[in-house]
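Asker: In UniProt numbering, the protein residues as written are 1 to 135. Sending over a structure as structure tokens; questions will come in a sec.
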């Protein structure tokens, strides 16, 4: 990803409540660890029961979360997708489907695990989202 795009994405993510307690350097490291993604409306980002390999942060659009075919949430810019499998055992616990064109950051789990072990504020941010979704 070109440097200007990385700076723009870092600035965007820094403005989200999810990363409010993270430094700009923490968020820049997250951006460096991943890459951009875009999907049209109606495409699954993740599917329930499937082994997981990446996390997503939405920056554009909306996505619907389904558990056992029942819609349980709607996600938008600043929301994480995939933190449940990352921190809770490796399998997707829900299906998340784009309800509009979506874009954002995709980070492979191996890179993310390394990053979270080095940056406690980022680890805390992901854990807070996990805990909120576990209720």
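Glycine included, each C-beta is placed from N, C-alpha and C at the ideal position. Predicted model only: the values in this text are computed from it and were never measured.
(1) Suppose contacts are defined by Cβ-Cβ distances below 8 Å. Is residue 34 in contact with residue 106 by that definition?
(2) Cutting at 8 Å between CB atoms, please list the residues of its own chain near residue 101, excluding the five before and the five after it.
(3) Near residue 19, what residues of its chain come up, given a Cβ to Cβ distance below 7 Å and the 5 sequence neighbours on each side ignored?
(4) Relative to the alpha-carbon of residue 132, which residue among 108, 83 and 97 has its alpha-carbon at the smallest distance?
(5) Would residue 95 and residue 46 qualify as a contact pair, given that the criterion is a beta-carbon distance under 8 Å?
(6) Which residues share a DSSP beta bridge with residue 77?
(7) So, is residue 49 buried or exposed, given that buried needs 16 or more other C-beta atoms within 10 angstroms?
(8) Going by Cα to Cα distance, which pick from 32, 65 and 51 is closest to residue 99?
(9) How would you write the range of the beta strand (DSSP E) that residue 106 sits in, first residue to last?
(10) Among the candidates 114, 97, 110 and 89, whose CA atom is the shortest distance from the CA of residue 134?
(11) May I have the straight-line CA-CA distance separating residue 6 from residue 63, to the nearest angstrom?
(12) I need the straight-line Cα distance from residue 114 to residue 43, nearest angstrom please.
(13) Looking only at its own chain, which residues have a Cβ that is under 7 Å from the Cβ of residue 85, when we skip the five neighbours before and after it?
Answerer: Reading it off the structure:
(1) yes
(2) 38, 39, 40, 41, 60 and 61
(3) 13, 27 and 125
(4) 83
(5) yes
(6) Looking at the DSSP assignment, residue 77 forms no beta bridge with any residue, so it has no partner.
(7) exposed
(8) 65
(9) 102-108
(10) 89
(11) 23 Å
(12) 29 Å
(13) 52, 91, 92 and 93
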